[in-house]
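S.K.: Sharing a structure with you now.
And the structure:
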């Protein structure tokens, strides 16, 4: 099993309707392939964590890399893992209006033990996406302690 975390910039034509079309397609494809993932979007910035069997994951990521709906795809972390971090989620999505919910979800699903590469990627994502915003806490995960398990 393998995990890829990457970031990219949304293409200018990736509006709300097209984004939801992309999410639907990703959920259907991921479910069929046994892949799981979480996608965050803040304005044009996107961050995705994708996990699954190595050969299926690599093939899917190559398709993602060529997708014109985003650009500047950059792998932040890629590694072998023993098990999926978010096994019940073919594609969970959070936009910039749901940051607190995203952080809570990431914590709850790991019982408060978010793997370091994921935590670092999410911190970097929010720092980049909201570089000009006030009040972005450097203690993102400390602010979102788990309360109860919640399905995707």
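Numbering (the working numbering), first residue to last: 734 to 885. Built from N, CA and C at the ideal position, the CB exists for glycine as well.
(1) Can you give the Cα-Cα distance for residue 786 and residue 736, rounded to whole angstroms?
(2) Starting from residue 772, trace the beta strand (DSSP E) both ways and give me its first and last residue.
(3) Mind checking residue 803: buried by the 16 CB within 10 Å criterion, or exposed?
(4) For residue 739, is the classification buried or exposed, using 16 other Cβ atoms within 10 angstroms of its Cβ as the cut-off for buried?
(5) If distances are taken between C-alpha atoms only, which option among 836, 765 and 777 comes closest to residue 771?
(6) With DSSP run on the structure shown, which of helix, strand or coil describes residue 759?
M.R.: In terms of the structure at hand:
(1) By 1-based counting over the chain shown, the position of residue 786 is 53. By 1-based counting over the chain shown, the position of residue 736 is 3. So the alpha carbons of these two residues sit roughly 9 Å apart.
(2) Position 39 of the chain shown, counted from the first residue, corresponds to residue 772. Counting along the chain, the unbroken beta strand (DSSP E) around residue 772 starts and ends at 769-775.
(3) In the chain shown, residue 803 corresponds to position 70, counting from 1. With 16 or more other CB atoms across the displayed protein chains lying within 10 angstroms of its CB, residue 803 is buried.
(4) In the chain shown, the residue the question calls residue 739 occupies position 6. With 16 or more Cβ atoms within 10 Å of its Cβ, residue 739 is classed as buried.
(5) Counting from one through the chain shown, the residue named residue 771 turns up at place 38. Nearest C-alpha to residue 771 among 836, 765 and 777: 836.
(6) The residue given as residue 759 occupies position 26 in the chain shown. In the three-state reduction of the DSSP assignment, residue 759 falls in the helix class, which pools H, G and I.
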